[in-house]
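Line by line, the protein sequences give chains S and L. In this note's numbering, each number is its position in the first sequence, counted from 1, plus 2. In this note's numbering, each number is its position in the second sequence, counted from 1, plus 48.
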Amino acid sequence: MTAPGARGAIRVDRVDVSFPRRDGGRLPVLDALDLSIDSGSVVALIGPNGSGKSTLLRVIAGLLRPDGGAVALDGEAVTAPDPRIGLVFQEPRLLPWRSAADNITYPLELAGWPVDRRRERLDQLTALVGLERSVRANRPAELSGGQRQRVALGRALALEPLVLLLDEPFSALDALSRERFDLELLRLWERAGSTVVLVTHSIAEAILVADRIVVLSPRPGRVVADLPVELPRPRSLDDLDAAAVSRTAALVRAHLGESAAA
Amino acid sequence: MTRAGALSILVALVAFLAIWQLVVIVSGFPPFILPAPGAVLGRWVSAWSNGTITPHLVATLQEVVLGFAVGAGSALVIGYVLARSALVERLLSPYLVAAQATPILALAPLIALWFGPGLLGKVVICALIVFFPVAVATMVGIRSVDAGLLELGRSLRATPRQVLTTLEIPAALPSILGGMRVGVTLAVVGAIVGEWAGAERGLGVLINLARGSLFDIPLMFATLLTIALVGIVLYLVVVLVERRLVGAR
Numbered sequence: 003m004t005a006p007g008a009r010g011a012i013r014v015d016r017v018d019v020s021f022p023r024r025d026g027g028r029l030p031v032l033d034a035l036d037l038s039i040d041s042g043s044v045v046a047l048i049g050p051n052g053s054g055k056s057t058l059l060r061v062i063a064g065l066l067r068p069d070g071g072a073v074a075l076d077g078e079a080v081t082a083p084d085p086r087i088g089l090v091f092q093e094p095r096l097l098p099w100r101s102a103a104d105n106i107t108y109p110l111e112l113a114g115w116p117v118d119r120r121r122e123r124l125d126q127l128t129a130l131v132g133l134e135r136s137v138r139a140n141r142p143a144e145l146s147g148g149q150r151q152r153v154a155l156g157r158a159l160a161l162e163p164l165v166l167l168l169d170e171p172f173s174a175l176d177a178l179s180r181e182r183f184d185l186e187l188l189r190l191w192e193r194a195g196s197t198v199v200l201v202t203h204s205i206a207e208a209i210l211v212a213d214r215i216v217v218l219s220p221r222p223g224r225v226v227a228d229l230p231v232e233l234p235r236p237r238s239l240d241d242l243d244a245a246a247v248s249r250t251a252a253l254v255r256a257h258l259g260e261s262a263a264a
Numbered sequence: 049m050t051r052a053g054a055l056s057i058l059v060a061l062v063a064f065l066a067i068w069q070l071v072v073i074v075s076g077f078p079p080f081i082l083p084a085p086g087a088v089l090g091r092w093v094s095a096w097s098n099g100t101i102t103p104h105l106v107a108t109l110q111e112v113v114l115g116f117a118v119g120a121g122s123a124l125v126i127g128y129v130l131a132r133s134a135l136v137e138r139l140l141s142p143y144l145v146a147a148q149a150t151p152i153l154a155l156a157p158l159i160a161l162w163f164g165p166g167l168l169g170k171v172v173i174c175a176l177i178v179f180f181p182v183a184v185a186t187m188v189g190i191r192s193v194d195a196g197l198l199e200l201g202r203s204l205r206a207t208p209r210q211v212l213t214t215l216e217i218p219a220a221l222p223s224i225l226g227g228m229r230v231g232v233t234l235a236v237v238g239a240i241v242g243e244w245a246g247a248e249r250g251l252g253v254l255i256n257l258a259r260g261s262l263f264d265i266p267l268m269f270a271t272l273l274t275i276a277l278v279g280i281v282l283y284l285v286v287v288l289v290e291r292r293l294v295g296a297r
């Protein structure tokens, strides 16, 4: 529940998005989508390809103006990118000509922070995302896939956002690293207390990380199910064997199948 | 450079000189057709020491450097606009291509007529010839900026100026410097062509003098050698700048 004064609550109100089609028509992607996300909660968005998960994330991030409806953060309309929102893309999207450190502090540089404050924040951020000191000076090409995603995560957290939006951030990693990253993300969330919205294809990942799993229908995306994950926190990989997990997974799968058949 | 690299360059140079010398011996061409490498080198040294080359070299270098600066500078601006505006590209590109397709040799007399026989006309010719490769390289480079990085910039509320300095320029730099490599060697060509169309000083003038009134063919070869060296040195300068700016990626 949203405590009074708590921050980072998102309200998506009847959002419509469509893209222009080649034949001149419009392709509806999101259809009067409603979603309310409590401050400090973790919500996983799951749905078949083309259900508009990434589009929804971009609307919340203020990168995409919806055709209709509105997004609000703590009651304030989001119509443009907002410093209170941090974003991690599917690919790390690092600047290849900059070192890992300079990629992490890039948002601070754009925001006009002085060098010494940037350096201080860099220390905190690299510790937070678990990036080894020794690779700070490396260029992205000299980093492993996991290190790159850590840098991207550090960059998204640089301005201490109230909301962290993640678009399948670990999908390029192998299954083992991915589970480790999911757990690290949870620890990070426990420390930072920000609201987290995670787009994923993986039911297991959604269950491991989220308080709520929101299932979207195929295009045009609507919310077809909003399922609570009843697993105590802090969670570990062992929790994935619990009976509650298989029940939740079965429910998610049922809704996904239902929405795909519809 | 590695030792092996330096050695192979040296070997190639020696081989080149040896073949040249061999051609001179076997063909029996007189020195006014093909002087031996030793004779050219000797004339080169004497032309340096008696001050024949220096004023001409200075004049040509001045034209090349100024022409390159003007041509490349305007090409950066126009190339950027071409990359960002489809309308401007449609309107301008026919003229740019036409200007490039017209041989500079044919334009040089006209430019000499308009701008006179002084420095200005040569700078214009150099700038013209440098412009096209640098403008195209800039356009291609700016267009190659990853759309994902631009979206990242937008999500971080980068100002247009910040987008330019932190995303577009660094991303386009390798392409731009590639265009400048081509441009700087063309600038030397432009200066010589410009000098042929009428000038008092310059390495192009010296070639004409050596071939004509002086009839000093070894000096002509020595001048050619100087022109080639100017081209090589300027090219290496661009390569060095490139190493500094983008080499570490």
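From the three backbone atoms N, C-alpha and C, an ideal C-beta is built for every residue, glycine too. No experiment lies behind these values; they were computed from the predicted model shown.
Inset, instruction - Mind checking who Gly88 (chain S) pairs with in its DSSP beta bridge? - result: DSSP, once it has assigned bridges, lists S:Leu166 as partnering Gly88 (chain S).
Legend entry - Run of the beta strand (DSSP E) containing Val226 (chain S), from where it starts to where it stops: Val225 to Pro230
Legend entry - Helix, strand or coil at Pro79 (chain L) [DSSP, three-state]: coil
Inset, instruction - At 4 residues or longer, and completely inside the stretch 37-89 of chain S: list those alpha helix (DSSP H) runs for me, N to C. - result: The qualifying runs are 55-62.
Legend entry - Residues of the stretch 181-208 of chain L whose Cβ lies closer than 9 Å to any Cβ of chain S, in chain order: Asp194, Gly196, Leu197, Glu199, Leu200, Gly201, Arg202, Ser203, Leu204, Arg205, Ala206 and Thr207
Inset, instruction - Along the alpha helix (DSSP H) that carries Val112 (chain L), what are the first and last residues, could you check? - result: Ile101 to Arg132
Legend entry - Beta-carbon proximity list for Asp33 (chain S), same chain, < 6 Å, skipping 5 on both sides: Pro222 and Arg224
Legend entry - Leu35 (chain S) to Ile62 (chain S) span [Cα, whole Å]: 12 Å
Legend entry - One or two residues paired with Ile173 (chain L) in a DSSP bridge: Answer by DSSP bridge pairing: none, since Ile173 (chain L) is not bridged.
Inset, instruction - Measure the Cβ-Cβ separation of Val182 (chain L) and Gly127 (chain L) and say whether it is below 8 Å. - result: yes
Legend entry - Neighbour list for Arg95 (chain S) in chain L, Cβ cutoff strictly below 7 Å: Gly196, Leu197 and Leu200
Legend entry - Opposing strand residues paired with Leu35 (chain S) [DSSP bridges]: S:Val17
Inset, instruction - Please look up how many angstroms separate the CB atoms of Thr197 (chain S) and Val165 (chain S), rounded, as I've assumed it's under 8 Å. - result: 5 Å
Inset, instruction - Can you have a look at Arg95 (chain S) and say buried or exposed, based on whether 16 or more other CB atoms are within 10 angstroms of its CB? - result: Buried, by the Cβ-count rule.
Inset, instruction - For Gln148 (chain L), return the contacting residues in chain S, with the cut-off set at a CB-CB distance below 8 Å. - result: Result: empty, since nearest Cβ-Cβ is about 30 Å, beyond 8 Å.
Inset, instruction - Whole angstroms is fine: what's the gap from Ala258 (chain L)'s alpha carbon to Ser94 (chain L)'s? - result: 14 Å
Legend entry - Pairwise C-alpha distance: Val285 (chain L) and Ile67 (chain L): Approximately 30 Å between the Cα atoms of the pair.
Inset, instruction - Identify the continuous beta strand (DSSP E) that holds Leu239 (chain S) and give its terminal residues. - result: Where Leu239 (chain S) is concerned, there is no enclosing beta strand (DSSP E), given that its DSSP letter is neither H nor E.
Inset, instruction - For Gln69 (chain L), go through chain S and note every residue whose CB falls closer than 8 Å to its CB, in chain order. - result: Near Gln69 (chain L) there are no residues of chain S at all, since even the closest Cβ is about 48 Å away, more than 8 Å.
Inset, instruction - Out of L:Val62, L:Ala60 and L:Pro79, state which residue places its alpha-carbon closest to the alpha-carbon of Ile265 (chain L). - result: L:Pro79
Legend entry - Alpha-carbon spacing of Phe269 (chain L) relative to Ile240 (chain L), whole angstroms: 15 Å
Legend entry - Ile177 (chain L) vs Gly169 (chain L) beta-carbon contact at 8 Å: no
Legend entry - Cβ-Cβ distance between Pro236 (chain S) and Glu186 (chain S) below 8 Å: no
Inset, instruction - Measure from the alpha carbon of Val211 (chain S) to the alpha carbon of each residue in S:Ala46, S:Arg13, S:Arg24 and S:Asp18, then state which is nearest. - result: S:Ala46
Inset, instruction - Could you tell me if Thr50 (chain L) is buried or exposed, where buried requires 16 or more neighbouring beta carbons within 10 angstroms of its beta carbon? - result: exposed
Inset, instruction - Say whether chain L places a C-beta atom closer than 8 Å to the C-beta of Ala63 (chain S). - result: yes
Legend entry - Local conformation of Pro30 (chain S) per DSSP, three classes: strand
Legend entry - Cα-Cα separation between Glu232 (chain S) and Trp99 (chain S), rounded to whole angstroms: In this structure, the straight-line span from the alpha carbon of Glu232 (chain S) to that of Trp99 (chain S) is close to 45 Å.
Legend entry - Short Cβ contact (8 Å threshold) for Gly52 (chain S) with Ala158 (chain S): no
Legend entry - Interface flag, Gln210 (chain L) vs chain S, CB-CB below 8 Å: yes
Legend entry - contact_flag[the stretch 145-159 of chain L, the stretch 242-262 of chain L] where n(CB pairs < 8 Å) is 3 or more: The stretch 145-159 of chain L vs the stretch 242-262 of chain L: in contact.
Inset, instruction - For chain A, find out if any of its Cβ atoms is closer than 8 Å to the Cβ of Pro103 (chain L); answer yes or no. - result: Absent from the structure is chain A; the protein chains it does hold are S and L.
Inset, instruction - Could you round the C-beta distance between Ala160 (chain S) and Pro220 (chain S) to whole angstroms and report it? I think they count as a contact, below 8 Å. - result: With 8 Å as the limit, Ala160 (chain S) and Pro220 (chain S) do not qualify as a contact, their Cβ atoms being about 36 Å apart.
Inset, instruction - Please go through the stretch 173-206 of chain L and give each complete alpha helix (DSSP H) segment of 4 or more residues, from N-terminal end onward. - result: 195-203
Inset, instruction - Can you have a look at Arg2 (chain S) and say buried or exposed, based on whether 16 or more other CB atoms are within 10 angstroms of its CB? - result: The structure shown does not extend to residue 2 (chain S), since chain S is modelled only from 3 to 264, so the question has no answer here.
Legend entry - Those runs of the beta strand (DSSP E) which lie wholly inside the stretch 85-150 of chain S and span at least 3 residues: 87-90
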